[in-house]
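Engineer: Numbering (UniProt numbering), first residue to last: 1 to 211.
C-beta: ideal position from N, C-alpha, C; glycine also.
Here it is, the structure in full.
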Amino acid sequence: MKIKVSEKEIMNKIESINLKEVKDASSYMNNYTNFLSLKLRKNRGGIIYTVERIKNLEAITKKLNKELSENNKELKKLEKSITNFSRINENLENNIITEINRNKAYKSRLFQLKKNKIKLRKAQEDIDKDIIYMESRISMMRENVEQNNNKYNKLLSNKNKMHEEMEKFKKGRTNLQLQLKHTRKNHEILKNKMQTFVSSIKTSRTRENNI
1 MKIKVSEKEI
11 MNKIESINLK
21 EVKDASSYMN
31 NYTNFLSLKL
41 RKNRGGIIYT
51 VERIKNLEAI
61 TKKLNKELSE
71 NNKELKKLEK
81 SITNFSRINE
91 NLENNIITEI
101 NRNKAYKSRL
111 FQLKKNKIKL
121 RKAQEDIDKD
131 IIYMESRISM
141 MRENVEQNNN
151 KYNKLLSNKN
161 KMHEEMEKFK
171 KGRTNLQLQL
181 KHTRKNHEIL
191 KNKMQTFVSS
201 IKTSRTRENN
211 I
């Protein structure tokens, strides 16, 4: 699943995390929260690098798409040239038939046929060159696109892993906060019990003194 997270959003999330030691919490809880905080801040550079790499790959992808669009235009020109070649070929064939039907001299007909043959050969050579060039360009661009797609997918996978680590950290922090809240509640209950106990002792002593 692809999740789009902006660099600003990631930085805001990192800066908003401020886990401090709590007097009522155990040392294990404090050490664990400190460990998670340090780990997240250590990975901050990796997150920024990943975001920058993704931006660079997106720019490269746009550039490749532009080149593909330009090559599509060249392909259309090539198709137009092929159409023109077919039209020329058809016209030349009609001319040959016309010349034969008019019973022109053998020399004239032979010269015209040779001339038409040269035109056809030249047109065919030009088309073959264009086809070879376009095939080489398309193959090279396809390889480049595949390589960049692989790099992009790898970086995207790393970004998703970082997001999962962030979610785990947030979940761990929530659990710690709940434990801290529970500890404070128990502390208040114990405090109230102690106050009640002290009050009962004072009341008992007062009664004894009065007797």
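Once the 5 residues before and after Lys-151 are set aside, which same chain residues still bring their CB inside 7 Å of it?
Structural biologist: As a working mapping, residue 151 is identified with position 151 in the sequence shown. Counting only Cβ-Cβ distances below 7 Å, and skipping sequence neighbours, we find Leu-57.
Engineer: Please tell me whether Val-51 and Lys-170 are closer than 9 Å, where the distance is taken between their beta carbons.
Structural biologist: Within the sequence shown, residue 51 is the residue found at index 51, counting from 1. Within the sequence shown, residue 170 is the residue found at index 170, counting from 1. Contact flag unset, no.
Engineer: Can you tell which of Arg-205, Arg-142, Ser-86 has the C-alpha that lies nearest to the C-alpha of Arg-121?
Structural biologist: As a working note, residue 121 is residue 121 in the sequence shown. Minimum Cα distance to Arg-121 is reached at Ser-86.
Engineer: Are the Cβ atoms of Leu-113 and Ile-96 separated by less than 9 Å?
Structural biologist: Here the question's residue 113 lines up with position 113 in the sequence shown. Here the question's residue 96 lines up with position 96 in the sequence shown. Contact: yes.
Engineer: Determine the direct distance from the alpha carbon of Leu-178 to that of Lys-23, and round the result to whole angstroms.
Structural biologist: As a position in the sequence shown, residue 23 is number 23, starting the count at 1. As a position in the sequence shown, residue 178 is number 178, starting the count at 1. Any reading at Lys-23 needs caution, since the residue's pLDDT is 45, under 50, leaving its predicted position unreliable; the model's value is listed next. Going from the Cα of Lys-23 to the Cα of Leu-178 covers about 15 Å.
Engineer: When we look at the beta-carbon of Ile-131 and count the other beta-carbons within 10 Å, is it buried (16 or more) or exposed?
Structural biologist: In the sequence shown, the residue the question calls residue 131 occupies position 131. Answer is exposed; the Cβ neighbour count stays below 16.
Engineer: Verify the contact flag: Lys-117, CB atom, against every heavy atom of the ligand COA, threshold strictly below 8 Å.
Structural biologist: Summarising the ligand content, the structure contains no ligands, and the ligand COA is consequently not present.
Engineer: Ordered along the chain, which non-local residues of its own chain (more than five positions away) have a Cβ less than 7 Å from that of Lys-76?
Structural biologist: Here the question's residue 76 lines up with position 76 in the sequence shown. Result list for Lys-76: empty, nothing under 7 Å.
Engineer: Could you say which of Arg-205, Leu-68, Ile-48, Thr-206 lies nearest to Glu-135 if we only look at CA atoms?
Structural biologist: Counted from its first residue, the sequence shown places residue 135 at position 135. Here the closest residue by C-alpha is Leu-68.
Engineer: Measure the CB-CB distance between Asn-148 and Ile-48 and report whether it falls below 9 Å.
Structural biologist: Translated into the one-based positions of the sequence shown, residue 148 becomes position 148. Translated into the one-based positions of the sequence shown, residue 48 becomes position 48. Contact flag unset, no.
Engineer: Do you know offhand how far Glu-93's Cα is from Asn-116's?
Structural biologist: For the purposes of this step, residue 93 is taken as the residue at position 93 of the sequence shown. For the purposes of this step, residue 116 is taken as the residue at position 116 of the sequence shown. Answer to the nearest angstrom: the Cα atoms are 9 Å apart.
Engineer: Distance check for Asp-128 and Ser-81, CA to CA, integer angstroms please.
Structural biologist: What you label residue 81 is simply residue 81 of the sequence shown in a count that begins at 1. What you label residue 128 is simply residue 128 of the sequence shown in a count that begins at 1. Distance between the alpha carbons of Ser-81 and Asp-128 is about 11 Å.
Engineer: Quick check: what's the CA-CA separation for Ser-157 versus Lys-168?
Structural biologist: On the sequence shown, residue 157 is found 157 positions in, with the first residue counted as 1. On the sequence shown, residue 168 is found 168 positions in, with the first residue counted as 1. Cα to Cα, Ser-157 sits roughly 17 Å from Lys-168.
Engineer: Just confirm the distance between the C-beta atoms of Asn-144 and Leu-64, as a whole number of angstroms; I'd bet it's less than 8 Å.
Structural biologist: Here the question's residue 144 lines up with position 144 in the sequence shown. Here the question's residue 64 lines up with position 64 in the sequence shown. Sure, about 6 Å apart at Cβ, within 8 Å.
Engineer: Kindly list the residues whose CB is nearer than 7 Å to the CB of Ser-204, restricted to its own chain and excluding five residues on each side of it in sequence; keep chain order.
Structural biologist: Here residue 204 corresponds to residue number 204 of the sequence shown, with the count starting at 1. Contacts found: none.
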